[in-house]
Structures are given as structure tokens and as C-alpha cells.
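Undergrad: The structure under discussion is supplied below as C-alpha cells; questions concerning it will follow.
Residue numbers (UniProt numbering): 1 to 269.
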């Protein structure tokens with residue numbers, strides 16, 4: 001990505017990580033995975049060699065990357081490996097042990113959307129509400145010819161953003177869940193550029209200002225939040241769902257590298 005450093009209102013090959021996450025297994029966290037070789041769930045350190053900067057980023061959060069272990073579950077049943085997460089409704093959790101700087105990453109996939117939604121129901125993650133919100137927005141965009149406008153790079157009318165805001169409040173009951181620093185590479189420092197997204201729950205293509213398909217990582221600037229990432233405008237083609245605590249860094253690397261440079265819209269709550 002070649003980007004300019006801007007501040008804007010409004011708004012996972014390798015392995016996709018969270019650093020700085022909560023020390024429990026209750027919440028949905030950044031997914032991690034394998035590439036290009038399979039990872040065994042039994043190895044104490046079963047990750048591919050990290051690119052420069054990733055090891056240091058984990059160390060800043062008190063995690064030794066050599067002590068990270070990955071476990072995989074498909075529809076709740078533990079499996080040796082899940083070689084490809086795309087289109088499998090991936091969710092994951094990262095639990096770190098501050099005593100020895102180790103961490104366990106649990107990756108979950110589902111064979112149907114309904115199983116994925118049920119998992120969200122059981123864990124208070126509002127996956128059903130998100131699905132209903134997306135369908136409402138997509139129908140509005142189609143009826144009003146906004147999909148064509150967006151694909152052509154035209155500015156959407158204010159009435160769309162007012163409708164989106166109203167629907168967000170209807171489905172999620174809030175408007176300011178938190179904010180992010182979005183970066184143009186998989187590590188959030190050095191020569192990377194970033195854009196701020198303060199207190200905006202729906203980060204559509206309009207937000208990115210030429211950041212479409214260019215995001216490599218982001219830092220959370222909030223207490224706790226769930227994020228849904230999409231490959232297409234108007235929250236279409238779900239890529240992955242994530243969550244975590246403020247100060248944590250989401251890096252697109254590994255099996256969820258398929259998300260890297262593909263995000264066009266995003267929902268926060």
C-alpha cells in the first residue's frame with residue numbers, strides 16, 4: 001500500500017493475530033492459522049517463521065511467539081488442522097499466560113451459517129443482529145441504485161448515511177463503540193501510514209479514501225469491541241469476525257492472510 005497519512009471520521013500466505021488481548025477464552029478474538037504448511041495442534045510452538053516485526057509486536061504485548069500454540073475446531077469438534085479458513089465462518093480466541101509469556105489460540109470454523117449464528121447466540125456476539133443489519137443495508141442500497149454508484153466511485157447521498165446510522169442504532173442500540181488506527185502493512189510501525197477512525201461504527205468504502213483493499217493491520221483504541229470485516233461494499237461477502245480489548249493489534253498474516261489488502265467495509269460494535 002502506498003498511502004498518505006490522514007485523519008478521517010467514519011471507520012486476515014500467513015497468520016492473522018491479535019496481540020494485547022484479554023486473558024480469558026470467553027470472547028471472540030483474532031483468528032490465527034497456518035501457511036503454507038500444516039500446523040499440528042500438539043506442538044508447543046506450531047507457527048511458521050514470522051516476518052520481520054511480527055515477533056517484536058507480540059513481545060510488546062508480553063507474548064513470546066515461540067510459545068504460541070494453535071488448536072482447531074470444526075463445528076465444535078477438535079481437528080488436527082484447518083488448512084483454509086475462507087468461506088468457513090472463522091472465529092477465534094487468544095488466551096495468554098502472563099507468567100510464562102505463552103498463549104493459546106483457538107480457531108473455530110462452521111459448516112453452515114446457522115451453526116455460526118448459533119455460536120454467536122451462545123456467546124453474546126450479536127451475529128444474528130449483524131446479519132439482519134447487513135441485509136437491511138444491502139436491500140436499501142440495491143433499491144436506491146447505490147451499488148452502481150459506489151462501484152463507479154461516486155459520492156453517496158447523505159440520506160444513505162442517515163439510514164445506516166438509524167439502522168445501526170436499531171440493531172445494536174449504540175453509535176460510538178470505539179475507534180481504530182488502520183495501517184497499510186501487517187505491522188503498525190516504521191514507515192507505515194495510518195488513518196484514524198474515531199467513534200464510527202460502520203466503516204464503509206467511503207471511509208477509506210483510497211484504502212480499499214489496502215489494509216494490513218489495525219490497532220484498537222477502545223475498551224472492548226467486535227469487528228466484522230467484508231470483502232465488498234455495503235457489508236457483503238463476509239471475511240472474518242474478530243474482537244478484542246483496547247490497545248491490541250490485529251495483524252493480517254498466515255492462513256488469514258487472505259484478508260490482507262481485501263477489506264472494503266467493516267462493522268464495529
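Just so you know, even glycine gets a beta-carbon here, dropped at the ideal spot from N, CA and C.
#1: Hey, how far is the Cα of residue 147 from the Cα of residue 51?
#2: Between the Cα of residue 69 and the Cα atoms of 81, 194, 76, which residue gives the shortest distance?
#3: If you draw a straight line from the C-alpha of residue 272 to the C-alpha of residue 180, how long is it?
#4: So, residue 109 versus residue 159, is the Cβ gap smaller than 7 Å?
#5: Residue 267: buried (16+ other C-beta within 10 angstroms of its C-beta) or exposed?
#6: Ends of the beta strand (DSSP E) at residue 103?
#7: How many angstroms separate the CA atom of residue 208 from the CA atom of residue 264?
#8: Enumerated in chain order, which unbroken segments of the alpha helix (DSSP H) with a length of 4 residues or greater are wholly contained in the region 70-102?
#9: According to the neighbour-count rule (16 or more other Cβ atoms, all chains shown, within 10 Å of its Cβ), is residue 237 buried or exposed?
#10: Check whether the Cβ atoms of residue 218 and residue 250 sit closer than 7 Å, and answer yes or no.
#11: Terminal residues of the continuous alpha helix (DSSP H) containing residue 120?
#12: For the candidate residues 269, 94, 240, whose alpha-carbon lies nearest to that of residue 84?
#13: Tell me whether residue 159 sits in a helix, a strand or coil according to DSSP, three-state version.
#14: Quick one: what does DSSP say residue 220 is sitting in, helix, strand or coil?
#15: For residue 215, which of 226, 258, 235 has the nearest alpha-carbon?
#16: Using only CA atoms, which one of 242, 88, 142 lies nearest to residue 224?
#17: Under the three-state reduction of DSSP, which class applies to residue 227: helix, strand or coil?
#18: Could you give the C-beta distance for residue 72 and residue 107, rounded to a whole number, given that I count them as a contact under 8 Å?
TA: Let me lay it out:
#1: So the two alpha carbons sit approximately 37 Å from each other.
#2: 81
#3: Outside the shown range of the chain (1 to 269) lies residue 272, about which nothing can therefore be said.
#4: Residue 109 places its beta carbon 7 Å or farther from that of residue 159.
#5: buried
#6: 102-109
#7: Legend: pLDDT at residue 208 = 48, less than 50; position of this residue unreliable, value from coordinates given subsequently. Between residue 208 and residue 264, the C-alpha separation is close to 8 Å.
#8: none
#9: exposed
#10: yes
#11: From DSSP, the alpha helix (DSSP H) with residue 120 extends over 113-122.
#12: Of 269, 94, 240, the residue nearest in Cα terms is 240.
#13: helix
#14: strand
#15: 258
#16: 242
#17: strand
#18: At roughly 5 Å, the Cβ-Cβ gap stays under 8 Å, so residue 72 and residue 107 are in contact.
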